[in-house]
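See below for the structure under consideration.
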Amino acid sequence: MSNTVRYTAYKTIVTREITRFMRIWPQTILPPAITMSLYFVIFGNLIGKRIGTMDGFSYMEFIVPGLIMMSVITSSYANVVSSFFSMKFQRSIEEIMIAPVPNYIILAGFVSGGVARGLLVGLIVTTISIIFTGLSIDNYFITISVILMTAILFSLAGMINAVFARNFDDISIVPTFVLTPLTYLGGVFYSIKLLPEFWQTVSLGNPILHMVNAFRYGVLGQSDLNIIYAFIIILSFIIALAACTLYLLKKGTGIRS
Numbered sequence: 001m002s003n004t005v006r007y008t009a010y011k012t013i014v015t016r017e018i019t020r021f022m023r024i025w026p027q028t029i030l031p032p033a034i035t036m037s038l039y040f041v042i043f044g045n046l047i048g049k050r051i052g053t054m055d056g057f058s059y060m061e062f063i064v065p066g067l068i069m070m071s072v073i074t075s076s077y078a079n080v081v082s083s084f085f086s087m088k089f090q091r092s093i094e095e096i097m098i099a100p101v102p103n104y105i106i107l108a109g110f111v112s113g114g115v116a117r118g119l120l121v122g123l124i125v126t127t128i129s130i131i132f133t134g135l136s137i138d139n140y141f142i143t144i145s146v147i148l149m150t151a152i153l154f155s156l157a158g159m160i161n162a163v164f165a166r167n168f169d170d171i172s173i174v175p176t177f178v179l180t181p182l183t184y185l186g187g188v189f190y191s192i193k194l195l196p197e198f199w200q201t202v203s204l205g206n207p208i209l210h211m212v213n214a215f216r217y218g219v220l221g222q223s224d225l226n227i228i229y230a231f232i233i234i235l236s237f238i239i240a241l242a243a244c245t246l247y248l249l250k251k252g253t254g255i256r257s
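Numbering-wise, the sequence shown is residues 1 to 257 according to this note's numbering.
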């Protein structure tokens with residue numbers, strides 16, 4: 001297969017994914033924006049005034065990076081898991097699987113769609129945060145790198161969830177019982193320094209904590225954790241999930257019966 005054909009296949013999948021979530025934007029783009037606006041108003045503006053400062057920043061400024069990351073994580077994950085499972089449910093995924101398209105092209109197409117939605121929602125939430133806080137970015141390279149890698153990672157995670165899902169209830173199990181707890185315990189609303197030493201150590205096992213802190217460092221120039229370790233952890237998860245997903249696609253897990 002020539003590079004031109006590979007690119008055409010990739011572009012077709014990506015175009016389909018972007019067209020899909022843009023067509024139903026009141027369900028895919030608008031809800032995260034409204035939810036994050038409520039977080040800014042309730043936690044940042046109302047409660048934040050009582051809390052005061054956190055690590056030298058106003059509470060509103062402190063939670064902004066975490067809220068942006070929350071929106072990127074949930075949106076990129078939701079896009080891939082819902083799209084891929086819908087194609088499984090409608091049996092249309094078989095048309096892609098039998099086509100002479102490499103699995104890595106299929107994976108790259110779906111992941112790119114998830115990344116596109118995650119970054120779009122993240123951009124909208126960032127715009128909203130500027131209205132509330134006058135946000136300025138300390139390090140653009142770290143900020144963009146972390147948010148891009150996070151979107152890729154959770155797009156891959158959504159793909160794995162979709163592969164194993166057998167019904168629509170299955171695609172909500174991981175977000176409800178795994179993703180949401182890890183996100184809320186990932187240092188979005190508090191500094192890990194506030195925790196007892198034992199729970200600080202336990203929290204280090206939460207990968208989302210490293211992502212939030214790395215992104216916070218890029219935005220505010222402040223972090224509770226080592227940024228180098230955060231990058232290593234994120235890249236390690238991306239490599240592991242990508243390898244796992246390609247293996248599942250090669251086996252036809254959840255697709256071929």
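Positions of the beta carbon are idealized from the N, C-alpha and C atoms, including for glycine.
Simplified DSSP state of residue i, which is helix, strand or coil
i, result
"residue 19", "helix"
"residue 253", "coil"
"residue 76", "helix"
"residue 162", "helix"
"residue 231", "helix"
"residue 190", "coil"
"residue 90", "coil"
"residue 225", "coil"
"residue 114", "helix"
"residue 101", "coil"
"residue 45", "helix"
"residue 196", "coil"
"residue 168", "coil"
"residue 2", "coil"
Cut-off 7 Å between Cβ atoms - residues of its own chain near residue i, not counting five sequence neighbours on either side
i, result
"residue 63", "43, 44, 188 and 189"
"residue 241", "153, 156, 157 and 160"
"residue 195", "203"
"residue 58", "48"
"residue 101", "9"
"residue 75", "32, 117, 118 and 121"
Beta-bridge partners of residue i, as assigned by DSSP
i, result
"residue 70", "According to DSSP, which records beta bridges pairwise, residue 70 is partnered with nothing at all."
"residue 53", "58"
Contact set for residue i: own chain, Cβ-Cβ below 8 Å, skip 5 residues either direction
i, result
"residue 111", "80, 152, 155, 156 and 159"
"residue 20", "83 and 113"
"residue 93", "84, 87 and 255"
"residue 56", "222"
"residue 143", "137, 215, 218 and 219"
"residue 236", "none"
"residue 209", "185, 186, 187, 192, 203 and 225"
"residue 261", "A query on residue 261 cannot be resolved here, the shown segment of the chain reaching from 1 to 257 and no further."
Length of the line joining the Cα atoms of residue i and residue j
i, j, result
"residue 89", "residue 163", "11 Å"
"residue 98", "residue 113", "21 Å"
"residue 119", "residue 65", "14 Å"
"residue 39", "residue 8", "41 Å"
"residue 91", "residue 48", "49 Å"
"residue 186", "residue 17", "29 Å"
"residue 148", "residue 78", "16 Å"
"residue 250", "residue 116", "25 Å"
"residue 243", "residue 60", "38 Å"
"residue 200", "residue 193", "7 Å"
"residue 180", "residue 253", "26 Å"
"residue 130", "residue 123", "11 Å"
"residue 233", "residue 212", "12 Å"
"residue 96", "residue 6", "13 Å"
"residue 15", "residue 229", "35 Å"
"residue 145", "residue 246", "23 Å"
Contacts around residue i, its chain only, beta-carbon distance under 6 Å, and the 5 residues preceding and following it disregarded
i, result
"residue 125", "36, 68 and 71"
"residue 132", "40"
"residue 248", "163"
For residue i, the nearest candidate out of the options (CA to CA)
i, options, result
"residue 222", "191, 78 and 48", "191"
"residue 214", "121, 203 and 231", "231"
"residue 12", "172, 107, 180 and 179", "107"
"residue 141", "50, 216 and 236", "216"
"residue 238", "150, 29 and 86", "150"
"residue 135", "211, 177, 228 and 220", "220"
"residue 2", "105, 170, 175 and 169", "105"
"residue 128", "23, 30, 4 and 197", "30"
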